[in-house]
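One structure below.
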Amino acid sequence: MPALNATALANSNIAFIKYWGNREETLRLPANGSISMNLEGLETRTSVTFSGNGQKDSLTINNKSITGPGLKRVNDFLDLVRQMAGINACAEVESKSNFPAGAGIASSAAAFSALALAATKAAGLELGEADLSRLARRGSGSACRSIPGGFVEWQVGTGEADSYAVSIAPPGHWDLADCIVVVSSEHKATGSTEGHALAGTSPLQFARVADTPRRLEICRNAILQRDFDAFAEIVELDSNMMHAVMMTSRPPLFYWQPSSLTVMQAVRSERAKGLPVCYTIDAGPNVHVITEKTQAEQVAALLRTLPDVTEVRIASVGGPARLI
Ligand code: DP6
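Under my numbering, the sequence shown is numbered contiguously, ending at residue 324.
So this is what it looks like as structure tokens:
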């Protein structure tokens, strides 16, 4: 058979209302809905080539050949694509990201959304946005939110068919920026997939999940009305609630470093003085400081003066995953 090739680009995203815990692990059906924004310029480019030549799938990330569990995860995902397309050819996957993996910047989100788009195109499928988002979800939950553009909500859904992400506002709707404060670029000890599986062992997870529709509504409205004060309060509450679940699961997961807390306190104190800033932290020690784009350089300069901060990267609101 002739080689079938496609290349796609997807942005990472930062969640304002977090996904933590699955009600069904294999299908990655989330315990709760979530809201995020795509991060312009924090991107993964992935090429997929299906051909009859190979014996098995191959994967390179940033020119490094990947084997073991990393390859297995991509292999399982490609099986879904092969099944949908009715093909059995092996694939060569080459992926390049321009940000560090495994340090609280959702690398799997950009990776699996770019892979979903490139692999389906290379396999001859033309999927719409909702179907692509559902497929990306199977690779990594947060990846479903990197398929649509701008501000995005992943609907909890009633099952496999209706748990996918939709755009709630385009990138130009609100000029926010994420100042990503790197305090450590070490690979995190417990990856999110293992973390999700522990969420249910925390006595706090039930309350967090039960309260999510309320937080989603407040966050969605704050975005639609560009109300930074309401937005800041709900985003920090949601991040704190997820970390409370993490810290109280069995075994407990502590993702913060002392320097993460220093950044959080500085952000709260600057907001009290009138600067539009708030923090949110994923499954890693680095802090995402959200602000208005016009203030981003000033906020980044301030954050760079804090102890242990090695880098601050600014990302504005990003568009959807696309073929290149
Ligand atoms: C803390 O999507 O990385 O970033 O589905 O196992 O790949 P897998 O998990 P992943 O989990 C993201 C967790 C989070 C919160 C969020 O992005 O909503």
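Cβ atoms here follow ideal geometry from the backbone N, Cα and C, with glycine treated the same way.
Remember, predicted model here, so these are calculated numbers, not experimental data.
Through-space distance from residue j to residue i, alpha-carbon basis
i      : j      : result
Phe16  : Phe231 : 9 Å
Leu135 : Pro252 : 31 Å
Ala118 : Ser269 : 44 Å
Ala109 : Gly318 : 13 Å
Leu4   : Glu153 : 32 Å
Ala85  : Val312 : 42 Å
Arg322 : Thr294 : 27 Å
Glu217 : Leu224 : 10 Å
Leu127 : Thr67  : 29 Å
Phe354 : Thr120 : No statement about residue 354 is possible, as the shown extent of the chain runs from 1 to 324 and does not include it.
Thr46  : Ile281 : 26 Å
Asn62  : Ser95  : 6 Å
Ser316 : Val166 : 19 Å
Glu236 : Ser34  : 14 Å
Ser107 : Gln257 : 20 Å
Short Cβ contact (8 Å threshold) for residue i with residue j
i      : j      : result
Asn98  : Glu43  : yes
Ser36  : Arg214 : no
Asn38  : Leu29  : no
Val48  : Ala130 : no
Val182 : Thr310 : yes
Residue i, buried or exposed, once every other Cβ within 10 Å from all chains shown has been counted against 16
i      : result
Leu261 : exposed
Glu24  : exposed
Ala103 : Here Ala103 scores only 46 on pLDDT, less than 50, and its place in the model should not be relied on; the value that follows carries that caveat. Buried, because 16 or more other Cβ atoms sit within 10 Å of the Cβ of Ala103.
Ser259 : buried
Asn88  : exposed
Asp175 : exposed
Phe228 : buried
Gly274 : exposed
Asn286 : buried
Asp76  : exposed
Pro320 : buried
Phe206 : exposed
Asn221 : exposed
Integer-rounded CB distance, given that residue j should sit under 8 Å from residue i
i      : j      : result
Lys18  : Met247 : That pair is no contact at about 14 Å.
Trp290 : Ala8   : It is worth fixing the name first, because residue 290 is Ile in this sequence and not Trp. About 27 Å; that fails the 8 Å criterion.
Val81  : Ser58  : About 15 Å separates the two Cβ atoms, so there is no contact after all.
Sequence-distant residues of the same chain with beta carbon closer than 7 Å to residue i, five excluded per side
i      : result
Ala244 : Leu204
Pro170 : Gly149, Gly150
Same chain only: Cβ atoms within 6 Å of residue i, ignoring 5 sequence neighbours per side
i      : result
Ala116 : Leu132, Leu135, Ala136
Arg304 : Val312
Nonlocal neighbours in the same chain, by C-beta distance under 8 Å from residue i, ignoring five residues either side
i      : result
Val277 : Ala232, Val267, Glu270, Arg271, Val289, Ile290, Thr291, Gln295, Val299
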